[in-house]
Structures are given as structure tokens and as C-alpha cells.
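Protein chains in written order, with my numbering: chain A, 1 to 112; chain B, 1001 to 1114. Report on the structure given below.
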Amino acid sequence: NAGVTQTPKFQVLKTGQSMTLQCAQDMNHNSMYWYRQDPGMGLRLIYYSASEGTTDKGEVPNGYNVSRLNKREFSLRLESAAPSQTSVYFCASSSGLQLGAFFGQGTRLTVV
Amino acid sequence: GESVGLHLPTLSVQEGDNSIINCAYSNSASDYFIWYKQESGKGPQFIIDIRSNMDKRQGQRVTVLLNKTVKHLSLQIAATQPGDSAVYFCAELGGTGGGNKLTFGTGTQLKVEL
């Protein structure tokens, strides 16, 4: 039982490049989330998916897109990376029965 | 907009003492609150939760108190240990149009001194 798995763990992009952050959970959870965490800051919600087939914007959605591919997978895409998107990105999932979300280990992204 | 924030950015306590970490929230419609612990280089880890129809919930060495009158949440850690050193976040779920949206506060750094 791996929980929430994120790939890659580290990534360096040049400004303007695109990439997709992958997230998968094996707990059969309905809800999945993408957050970013800047140094010394809390987690800010980018997008979330309450259930398979639905996605909604969070606090800071600009510059990002998401896809809830199936119940297990929720990907985050940066179409044209900017230095302001340098951050640690966390994926999380939760179920309606146990509302506390479980988090992945994070992806450290640097845009130069 | 609605927000969840913390009173103290850094809290230093002696090993064995009790720790109290505070959180103020502004969205009175939130119906569920969670405390998370984040160690350096790791993702947040669930500690304890509380529903808005409760005012106290206890776990192992931790207690969460909810005061809806003043929109205040606290996490009490009994007999604080060096392994408790981490950043602690409160988070709220639900609220106005929130549904399954989980929103975090800024965080408090807890430092345990030997």
C-alpha cells in the first residue's frame, strides 16, 4: 500500500517549458488535491477534484491545468513555466469517510 | 477573502512541557477542521480532526479545542518530545461553496529544547 505517489520528486525547467506532474493514490479515495508550498509558507490550493470527472479551481489556479484521468490519478500541468512557479508541489487525496487528507512526498520544481 | 491563519509563527518549548498552538479562522461556515504536522522535506501528516458540532477532541497526547464563538482553534500537545519538532498547520474543510475544498493556514514552527 503506497498511499499517494508523486512523480517526479525533483525537476528543473527553463522558462517557457511545459511539464506534467503525476499523482496516483491507491486508497480508493474520491477527492484529490494539488497544492503548492513556497519557503516558509503554508500550502495553497491550486486545483482539486471532488470526484472522478470533476475538477475545480482553488486559490491559485492561474498558469496550471489539471486532469482527473480516473479515480486513481490526478495530474497537474504547467503549459509555460515561469520562475514564479518555483515551489514544492504536493498532491493529496481524501475520502468522504475519513476527511483528513493523505499527502504525497512532494515534487520540488525549480524554474530558471 | 476567507482565510485561516495562525497567531504565532514560532513556538519554543522545553522537552516535557505542554505545547499549545493556536489558529484563527474567519469562515464561520467551515464545518470541519484538521491539524497537520509537517517535518522538514516531507508532506503534511494528519494529526487530529474536529467537526464544527464539537468543542473538544482528544487523541494520543494531543487535544484539539474549537471555540466557534471567537473562531479559534488550538492544538495541545502533552509532554512535548523532540520528535514533535515540526511545522504545524491548521486546515478547514467546506465553508461557503467549499464542499470538499481543504484550505490551510500559514503554519507554526514548534521547536523543542532539550
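Glycine included, each C-beta is placed from N, C-alpha and C at the ideal position.
Is Phe74/A close to chain B, meaning its C-beta is less than 8 Å from at least one C-beta of that chain?
no
Supposed close pair Ile1020/B, Tyr1088/B - CB separation, criterion 8 Å
Going by Cβ atoms, the distance from Ile1020/B to Tyr1088/B rounds to 11 Å, so no, they are not a contact pair.
For Gly42/A and Ile1034/B, what's the separation of their Cα atoms in angstroms?
14 Å
Which same chain residues end up closer than 8 Å to Asp56/A when comparing Cβ atoms and leaving out the 5 residues on each side of it in sequence?
Tyr47, Tyr48, Ser49 and Ala50
State the beta-bridge partners of Gly1094/B as determined by DSSP.
Beta-bridge pairing links Gly1094/B to Ser1030/B.
Any C-beta of chain B under 8 Å from that of Ala2/A
no
Sequence-distant residues of its chain with Cβ nearer than 7 Å to Ser87/A (five each side left out):
Arg36, Gln37, Asp38 and Leu109
Say the cut is 7 Å; is the CB of Lys1101/B nearer than that to a heavy atom of the ligand MN?
Here there are no bound small molecules, and the ligand MN is not part of this structure.
Anticipated Cβ contact below 8 Å, Ser18/A with Ser93/A, distance rounded:
25 Å between Cβ atoms; not a contact.
Residues of chain A with CB under 9 Å from Ile1050/B, in chain order?
At a C-beta separation below 9 Å, Ile1050/B has no neighbours in chain A, since its nearest C-beta there lies roughly 11 Å away.
Check whether Leu1016/B and Phe103/A have beta carbons under 8 Å apart
One point to set straight first is that residue 1016/B is Gly, not Leu, in the sequence displayed. No, Cβ-Cβ distance for Gly1016/B and Phe103/A is not below 8 Å.
Supposed contact pair His29/A and Ser95/A - C-beta distance, whole angstroms, cut 8 Å:
5 Å
For Gly42/A, which residues in chain B fall below 7 Å Cβ to Cβ?
Phe1089, Phe1104, Gly1105, Thr1106 and Gly1107
For a cutoff of 8 Å on Cβ pairs, would you count Leu13/A as touching chain B?
Not closer than 8 Å to any Cβ of chain B, the Cβ of Leu13/A fails to qualify, so no.
Leu13/A to Thr107/A span [Cα, whole Å]:
In a straight line, the C-alpha of Leu13/A is about 13 Å away from that of Thr107/A.
Could you tell me the distance, in whole angstroms, from the CA atom of Thr1106/B to the CA atom of Ala1091/B?
9 Å
Could you pull out every residue in the same chain whose Cβ sits closer than 6 Å to the Cβ of Asp962/B, ignoring the five residues on either side in sequence?
Nothing in the structure corresponds to residue 962/B, since chain B is present only between 1001 and 1114.
Determine the chain A residues that contact Lys1042/B at a beta-carbon separation under 7 Å, and present them in chain order.
Gln105
Where does Ser51/A sit, in a helix, a strand or coil, going by DSSP?
coil
Closest Cβ-Cβ distance between Tyr48/A and chain B: below 8 Å?
yes
Using a Cβ distance threshold of 8 Å, determine whether the segment 1062-1079 of chain B contacts the segment 70-84 of chain A, with at least three qualifying pairs required.
no
Proximity test, Cβ basis, 8 Å: Phe10/A and chain B
With a threshold of 8 Å between beta carbons, Phe10/A makes no contact with chain B.
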